[in-house]
Amino acid sequence: MDRERKTAWLVLIVLVGFIAAVIAHYIVAQYVMRGYPYSTFLYLPDDSNGGGWPGEPNVLGVHRFGDFYETWINSRGPHPYTDTPLGVASSYFPLTHILMFPLAQLSLTLSLSLYLLAFVVFLVAMLWRWVGGDRLHRAQAAIVLTACSTPVLFLVDRSNVEGLVFALLACSLFAYRRDRLYLAAVLLAIPIAMKGAAGIFWLLFLFDGRFRALFASIASSALLTLAALVVLPGSTSANVDGLRGALDSISAGATEGTAALLHSASLKAAFSVLGRWDEHFNFFVLHYKFVGLAVLLGVALVLALLRPVLWQKVALLCCAMILVPAISFEYRMVHLYVPLLLFIAASEPRRSDPLFVALFGLLLVPKGLPILFDDVNVGSLVNPLLLAVLMIAVVVDAALDERARERLRTIAAFVRRRRGLVAGEAPSVAGANAGR
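Under our numbering, the first residue of the sequence shown carries the number 40, and numbering increases by one thereafter.
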């Protein structure tokens with residue numbers, strides 16, 4: 040498939056899926072008379088984060104954008120970890136609050152508007168640049184893949200700072216594609232110092248042999264974190280303790296009710312949902328650290344042995360970054376746009392192209408119905424499974440490449456020679472001992 044056909048089919052899948060979801064939710068809400076969560080595939084519409092905190096006015100009426108409000112008010116001051124306006128420490132890394140500080144000096148409405156405008160403009164410009172077709176078709180693709188995409192709509196609805204993480208990570212990977220390695224390394228250090236999960240992309244530098252750039256990225260991330268800790272008021276130890284306590288509280292709270300299952304894209308959430316029907320899946324929930332480690336080791340092994348093309352490497356790392364964390368919501372799937380656009384831009388057509396177009400498209404469409412239990416919809420099960428299928432498809436496709444097959448044959452021959460040497464040495468040692 041060429042770039043134009045990939046884009047056309049992707050747009051069709053996303054548009055049809057979005058329209059079908061909107062119609063389904065409208066029918067359920069207006070004719071079956073069911074409210075949330077049946078009435079929308081997004082978050083609770085009357086989320087009262089902005090007016091629910093003691094002493095805080097309800098600044099936006101029926102409030103949305105709750106994640107942004109928390110970041111905005113904590114970055115505004117006086118301190119995000121030890122003296123917060125909300126009474127609880129922030130769970131964001133120090134650099135996030137340093138970067139958000141200029142916006143936090145503005146009113147909530149203005150800062151939120153600027154943030155969302157910047158995110159949407161960046162995404163639309165990126166789509167316009169990378170999708171295929173003439174100007175009209177590129178404009179159509181940019182509109183549909185922005186306005187009808189669940190990860191984008193969910194990120195806008197929550198206004199999480201993941202939008203900034205996404206923009207920086209995308210710029211880093213596009214710079215990497217152009218072999219501007221040190222620029223890519225420094226850009227990657229920023230989202231790592233903001234949230235940490237993007238650190239998985241250090242594997243890209245490692246297995247491509249870009250050791251100097253890797254060291255530059257690690258050093259930049261450490262320096263940015265230390266500088267942010269120094270700039271923030273209060274002692275470094277108090278800041279670290281406050282952040283650690285906030286992260287521990289989130290981890291503890293995620294085990295209660297459906298907080299970590301609602302609109303989740305985590306593999307742990309999928310196992311937890313399956314555990315409601317078959318308790319055997321709870322084994323993977325209880326030992327999820329080992330499951331996550333196995334996924335990361337598997338990705339590292341694929342990068343080391345198969346040496347897939349760039350879009351496949353980025354797809355594996357993005358999927359792992361979304362799947363592995365125990366708490367990972369749908370807005371994080373916005374990172375899939377980077378491997379998606381690299382895939383669309385790939386010049387070499389492959390028989391597997393239709394499969395990947397379908398998988399990327401299905402990951403972007405809403406999955407708000409049916410409701411499985413409480414307020415957890417089928418997306419919390421389907422999205423992690425689709426991400427896992429995408430990873431498996433990438434591995435299989437990479438393994439079928441002739442260069443990867445030749446590399447595997449070379450490794451297998453080396454292993455057989457080593458075994459032969461070991462087997463040959465054993466009788467010799469035994470004979471020498473008998474001669475004594």
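Cβ coordinates follow ideal geometry from the N, Cα and C atoms, glycine included.
These figures come from a predicted structure and were not determined experimentally.
Checking the DSSP bridge columns, you'll see residue 410 partnered with 416. Collapsing the DSSP output to three states places residue 303 in a strand. If you look at residue 350, you'll find it in the alpha helix (DSSP H) that goes 349-362. Taken atom to atom, the span from the alpha-carbon of residue 286 to that of residue 47 is near 42 Å. Rounded to whole angstroms, the separation of the alpha carbons of residue 300 and residue 109 is 21 Å. The alpha carbon of residue 321 has as its nearest neighbour, out of 334, 332, 196, 307, the alpha carbon of 307.
Only buried fits residue 136, as 16 or more other CB atoms lie within 10 angstroms of its CB. When the beta-carbon positions are compared, residue 420 and residue 312 come within less than 7 Å of each other. Inter-segment contact for the region 362-375 and the region 384-392 is absent: fewer than three beta-carbon pairs are separated by less than 8 Å.
By the C-beta density criterion, residue 453 is exposed, having fewer than 16 other C-beta atoms within 10 angstroms. Counting only the Cα atoms, residue 123 lies some 36 Å from residue 405. By the Cβ neighbour-count rule, residue 41 is exposed, with fewer than 16 other Cβ atoms within 10 Å of its own. The criterion of a C-beta distance shorter than 7 Å is not satisfied by residue 281 and residue 154. Remark: C-beta atoms of residue 162 and residue 185 approach each other more closely than 7 Å. Per DSSP, the continuous alpha helix (DSSP H) segment holding residue 109 begins and ends at 105-115. In the DSSP annotation of this structure, residue 239 is not part of any alpha helix (DSSP H), being labelled neither H nor E. Rounded to the nearest whole angstrom, the C-alpha separation of residue 273 and residue 234 is 21 Å. Beta-bridge pairing by DSSP links residue 368 to 303. The DSSP assignment places 133-143 as complete runs of the alpha helix (DSSP H) inside the region 122-153, in order along the chain (cut-off: 4 residues). Counting C-beta atoms within 10 angstroms of its own C-beta, residue 141 has fewer than 16 neighbours from the protein chains shown and is therefore classed as exposed. It is roughly 13 Å from the alpha-carbon of residue 171 to the alpha-carbon of residue 164. Within the same chain, Cβ atoms closer than 6 Å to the Cβ of residue 260 are found at 228, 231, 232, the five residues on either side in sequence being excluded. By the CB criterion at 7 Å, residue 355 and residue 430 fall inside the cutoff. Between residue 382 and residue 350, the gap from beta carbon to beta carbon is short of 7 Å. Residue state for residue 227 is assigned as helix, using DSSP reduced to three classes. DSSP, reduced to helix, strand and coil, places residue 199 outside both helices and strands of the structure shown, so it counts as coil.
Separation of the CB atoms of residue 341 and residue 434 is rounded to 5 Å, and the pair is thereby assigned contact status at 8 Å.
Taking C-beta separations shorter than 7 Å and ignoring five residues to either side along the sequence, the partners of residue 204 in its chain run 230, 233, 234, 237, following chain order. DSSP, read as helix, strand or coil, puts residue 78 in coil. Counting of Cβ neighbours within 10 angstroms places residue 213 among the buried residues, the total reaching 16 or more. Annotated three-state conformation of residue 440 is coil, per DSSP. Residue 169 and residue 384 do touch by the CB rule: their CB atoms are close to 6 Å apart, below 8 Å. The alpha-carbon separation between residue 284 and residue 113 amounts to approximately 16 Å. Taking every protein chain shown into account, the CB of residue 77 has 16 or more other CB atoms within 10 angstroms, so this residue is buried. DSSP, read as helix, strand or coil, puts residue 189 in helix. A Cβ-Cβ contact shorter than 7 Å links residue 104 with residue 151.
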